[in-house]
Structures are given as C-alpha cells and as structure tokens.
Amino acid sequence: MSGHGTPIPMSARKSGPLKGRAEVPGDKSISHRSLILGAMAVGETKVTGLLEGQDVLDTAAAMRAFGAEVTRHGEGDWSVHGVGVGGFAEPEQVIDCGNSGTGVRLIMGAMATTAMSATFAGDASLRKRPMGRVTDPLALFGARAYGRQGGRLPMTIVGAADPVPVRYVVPVPSAQVKSAVLLAGLNAPGQTVVIEREPTRDHSERMLRGFGAELTVEDTGEGRVITLTGQPELRPQVVAVPRDPSSAAFPVCAALIVEGSDILVPGVSQNPTRNGLYTTLVEMGADIEFQNPREEGGEPVADLRVRASTLNGIEVPEERAASMIDEYPILSVVAAFAEGTTVMRGVKELRVKESDRIDAMARGLEACGVRVEEEEDVLIVHGMGQGGVPGGATCATHIDHRIAMSFLVAGLAAKRPVSVDDGSPIATSFPAFEGLMAGLGAQIRRDNR
Ligand code: S3P
1 MSGHGTPIPM
11 SARKSGPLKG
21 RAEVPGDKSI
31 SHRSLILGAM
41 AVGETKVTGL
51 LEGQDVLDTA
61 AAMRAFGAEV
71 TRHGEGDWSV
81 HGVGVGGFAE
91 PEQVIDCGNS
101 GTGVRLIMGA
111 MATTAMSATF
121 AGDASLRKRP
131 MGRVTDPLAL
141 FGARAYGRQG
151 GRLPMTIVGA
161 ADPVPVRYVV
171 PVPSAQVKSA
181 VLLAGLNAPG
191 QTVVIEREPT
201 RDHSERMLRG
211 FGAELTVEDT
221 GEGRVITLTG
231 QPELRPQVVA
241 VPRDPSSAAF
251 PVCAALIVEG
261 SDILVPGVSQ
271 NPTRNGLYTT
281 LVEMGADIEF
291 QNPREEGGEP
301 VADLRVRAST
311 LNGIEVPEER
321 AASMIDEYPI
331 LSVVAAFAEG
341 TTVMRGVKEL
351 RVKESDRIDA
361 MARGLEACGV
371 RVEEEEDVLI
381 VHGMGQGGVP
391 GGATCATHID
401 HRIAMSFLVA
411 GLAAKRPVSV
421 DDGSPIATSF
431 PAFEGLMAGL
441 GAQIRRDNR
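When you line the sequence shown up against UniProt numbering, it's residues 1 to 449, in that order.
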C-alpha cells in the first residue's frame, strides 16, 4: 500500500483508572517471518494469531506475487502454500511494501539469490529509509540493486543467477539486515555466516531452525556467529504467533502513568532479545507482575499484571538498546511522567525508523511542556512526575505508528489533552488500538476537522 491515505487527527485526554484485560495482537516480526518462511517451505504452513496490520498484509500480498498461495481462513488464521527455497516466480507487478522496513528488507533478502528481478516500492516514509544496509551484503551473493540516490526506494533487485555463500559482519545492530542475509543464504550453496557484534531479535534464527534449516549460533569474542547451511528443503510448520511485546508496551505504559490503573495483558512474548523495555520499567519502579510464565509457539510468554506506579528516571544501559529499539518513543513518554531524568544513549538507529524518532519525540514532548535534550545518539527526558506534564499540544506523527500511539498515551495522563495530526499509521501494526484502549477506559477519539 504505497502513498498515504487521508490523515486521521486524533486526541487523548486525561482518563480515569484503566481497568480490564488488554489482548494485544500478534507479534509483527514473527508474523512477517511466518509468511516469508511459509512461502519458502514446500507444502502448507498454518499460522494462528497472525497480526493483520497493514505491514503484514503487504507482505502477504508480496508472497502471493512471488507465487505462494496465501489464504486467510478467519481472524489471525492463515495458511501459506510454499514454493520451496529457490522456487519463487518473478513477480509481474511492483512489490509495494507500504510502510514496512521489515517487509521490504526481508523480502529483498528472500529473492536476492534467485535468478529474477523484482521492483520494490513503499510509502513516503519507507522511500526515505536506507536500503544500502541490505543491498550491500546482498551484492556479495551476486545480486544487483538499482534504486534512487542514497539507496532509496523505488528499487529493482536483480537476483544472483549463481549465488555464492557469504561471510558478513553486520555493521549496524539490525535484525532486518541479519535476517535479509540469512534469507538470501538459504538459496546459496555452502555455508553463509552472519556475525553480529550486538545481539538483535533472534526470531529468524529460531524460526529457520523450526522450518528445518541447519543453523548454528556461537557466542565468540567476535560476536554472535550464525552459520546457515544453504539449499535446505524447508518443512512447513504450524506457527502460533505470540502477542507482540512492542504493541503491549502501549497499554502497559498507559496503565503505569494513569493513576489508579490495574490491567492484565495476557500472553506477551518475553523473548530476551525483545524485553528490554520491561526490564527498564521495573528498574524505574513499575509495578509489573510477570504471571504464569510458559512457552507458546517456541517463545517464552507471560501474563502481565500492571498497576499504576510512581516512577523514577534512570540511565538506560546502552547495551540494552537493541532489545527495546522500538520502545524508546513510549519510554520517553513514561520518562516525562517519572521523577527525575531518564537518559537514553546509543539510540541513533531511531533516526532511520519509520520517522526520525528522536526528533519526533523531542519536538512533541517539548510542545507538551517537557524539557528534552537531544544529541545524534542520545535522548534525555527531564521528568515532571505523575500528573505533572502540561500537554495541550498537537504532535506531528510523520507517518509513524509508534509516534502516534506514544503521544496518545501521553494525553491520557497529561493535564490537558494531547492531539496527533495523523493517527492513520496505527493501522500498520495495531489496528485494534483504539478499541482496545477504549475497552480499558482510555479517552481517545478521532477529531473531526
Ligand atoms: C525488526 C527489526 C528492527 C525493528 C523493526 C522490526 C524485525 O529493525 O525496529 O520494527 O522484525 O527484524 P532493525 O533491524 O532495522 O533495527
């Protein structure tokens, strides 16, 4: 879905205690990967709990364009009839990945070692994002990329007809880059080795093994060394997608800052490569109980009981950044309602997400009366305590779902309402956000222009 529809201005105002149960949608990262790996397996993969956000729907459409049969049977209940590693057909149309960096980068990897070309497009946000971080390693396999200046979409990838395996040290902490190289390595002969100096989300490694690929991970002085043996026959799987910890962050943080709140968020993934926000919140003094820990769909999950809390600012350890990279926008809101200062270092990757998230949060929080300091790689928020944030601003969301949801959560506890210029991007990752938050008692509404 390229382009961008009609903006949906929204606002949130101070709400009474949030109460009840918040069933957040399926994990976005795992949803993309189940469709892509399902399409590269031989036979039928069944997926339950698939996130039906626009990002994932765009990946489903892309897999159809490459020849897989992708069918929706009911809410979250999907099947993918895969064509096997190296079995993709050349798409007849442009692959439009909408707003999704994960979608476009993983799919580029998946097709880059098959002799065909494909042209990728995206919305105004995705067209600004760097693709060189993926096309550089894909070139080592023998693929070629023809995009706009600076390695931007639209871009055509010509897949390698005779791919060679690759050894690649990922230069930025990025699960998307790691995953693109691993997916490309599937159709290269021999062993592809990816080395990451800082661990990033490990869903690709877990799922590739689950689909029957031979993959080993070794922690060495150089970093995490991942070795994949190419040209396996992937076996179709039954994938139960756990609930998304990045989406759960919004009701969880809302409950922490809205006085008197007490909510339950069941079945949230606690994968250690994803749970940095929760560790941070507990260090800030958050009252979160991790109940009923168990395994679901190969991932550790727990039910989160969250009560409103008095929070203190902290220094977030830099090495935690990769495990909470998508959560800094909502953490910066929580930090505004904490006592004292919260320092977030090592966060420059935020500048190349759906928007420049450091800039977007800094400008919006300032407009709400919060003092913020910003450097290239640092965000510092000076907390105003529970109930201390003035609010009363309209914040720009820059086609970024997490910026929109973060400011709406801020409005639930600020003195005066907080508005966003456009809440429409929320549908990319959390289409049920408004209904779910309303069910807890949050005062969020669409504004008529
Ligand atoms: C994702 C990886 C992260 C994250 C994105 C999802 C993934 O991006 O921000 O929302 O599913 O691999 P980077 O790998 O670019 O950090």
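No residue lacks a Cβ here, since even glycine has one placed at the ideal position from N, Cα and C.
* How would you label Met437, buried or exposed, when you count the other beta carbons within 10 angstroms and need 16 or more for buried? -> Around the beta-carbon of Met437, 16 or more other beta-carbon atoms lie within 10 Å, marking it buried.
* Run the CB neighbour count on Pro25, radius 10 Å, all protein chains shown included, and call it buried at 16 or more, exposed below. => Buried, by the Cβ-count rule.
* Asked: Rounded to whole angstroms, how far is the Cβ of Val258 from the Cβ of Ala413, which I believe are closer than 8 angstroms?
  -> Under the criterion of beta carbons closer than 8 angstroms, Val258 and Ala413 qualify as touching, at roughly 5 angstroms.
* To do: Work out the CA separation of Leu365 and Val378 for me, nearest whole Å.
  => Each residue's Cα considered, the two are about 15 angstroms apart.
* If we count the other Cβ atoms within 10 Å of its Cβ and call it buried at 16 or more, is His73 buried or exposed? -> Classification of His73: exposed, given that the 10 Å Cβ count is below 16.
* Reduced DSSP secondary structure (H/G/I, E/B, other) of residue 456 -> Nothing about residue 456 can be reported from this structure: the residues present for the chain run from 1 to 449 only.
* Return yes when the C-beta of Gln54 is under 7 angstroms from any heavy atom of the ligand S3P, and no when it is not. => No.
* Give a single yes or no on whether Lys46 has its beta carbon closer than 7 angstroms to a heavy atom of the ligand S3P. => No - the ligand S3P has no heavy atom lying nearer than 7 angstroms to the Cβ of Lys46.
* Under 8 angstroms between the Cβ atoms of Leu45 and Gly82? -> The question names Leu, but residue 45 in the sequence shown is Thr. Gly82 sits close to Thr45, with the two beta carbons spaced by under 8 angstroms.
* My guess is that Pro171 and Thr200 are in contact by the Cβ rule of under 8 angstroms, so how many angstroms apart are they, rounded? -> About 13 angstroms separates the two Cβ atoms, so there is no contact after all.
* For the beta strand (DSSP E) containing Pro293, list its first residue and its last residue. => First-last of the beta strand (DSSP E) with Pro293: 287–296.
* Asked: What is the residue span of the beta strand (DSSP E) that Lys19 lies within?
  -> Counting along the chain, the beta strand (DSSP E) containing Lys19 begins and ends at 19–21.
* To do: From the DSSP output, in three-state form, read off Arg148 for me.
  => Residue state, collapsed to three classes: strand.
* Residue of Lys353, Val265, Val334, Met324 minimising C-alpha distance to Arg345 -> It is Met324 whose Cα lies nearest to the Cα of Arg345.
* Asked: In chain order, which continuous runs of the beta strand (DSSP E) of length 3 or greater are located wholly inside the stretch 184–241?
  -> If we require 3 residues or more, the beta strand (DSSP E) runs fully inside the stretch 184–241 come out as 191–196, 215–220, 223–229, 238–240.
* Decide if Arg274 is buried, meaning its Cβ has at least 16 other Cβ atoms within 10 Å, or exposed. => Classification for Arg274: buried.
* Given that a residue counts as buried once 16 or more other Cβ atoms are within 10 Å of its Cβ, and exposed if not, what is Glu218? -> By the 10 Å Cβ count, Glu218 comes out exposed.
* Asked: Hey, out of Pro154, Arg129, Arg144, whose CA is closest to Asp162's CA?
  -> Looking at the Cα atoms, Arg144 is the closest of the given residues.
* Near Ala427, which residues of its chain fall below 8 angstroms by C-beta distance, leaving aside the five closest residues on each side in sequence? -> The answer, listed in chain order, is Gly53, Gln54, His401.
* Would you tell me roughly how many angstroms separate the C-alpha atoms of Asp136 and Arg224, rounded to the nearest one? => Going by C-alpha positions, Asp136 is about 20 angstroms away from Arg224.
* Rounded C-alpha distance that separates Gly43 from Val238 -> Distance between the alpha carbons of Gly43 and Val238: 11 angstroms.
* Please find out if some non-hydrogen atom of the ligand S3P comes closer than 7 angstroms to the beta-carbon of Arg201. => Taking non-hydrogen atoms of the ligand S3P into account, the C-beta of Arg201 is found less than 7 angstroms away from one of them.
* Can you tell me the Cα-Cα spacing of Leu408 and Leu106, whole angstroms? -> Pairing Leu408 with Leu106, the inter-Cα distance amounts to about 30 angstroms.
* Looking only at its own chain, which residues have a Cβ that is under 6 angstroms from the Cβ of Pro293, when we skip the five neighbours before and after it? -> Sequence-distant Cβ neighbours of Pro293 in its own chain, meaning closer than 6 angstroms and more than five residues away, are Ala302.
* Whether Gly103 touches Ala89 by CB criterion (8 angstroms) -> Cβ distance not < 8 angstroms, so Gly103 and Ala89 don't count as in contact.
* In the DSSP assignment, find the unbroken alpha helix (DSSP H) run with Asp55 in it and report its ends. => DSSP places Asp55 in the uninterrupted alpha helix (DSSP H) bounded by 54–65.
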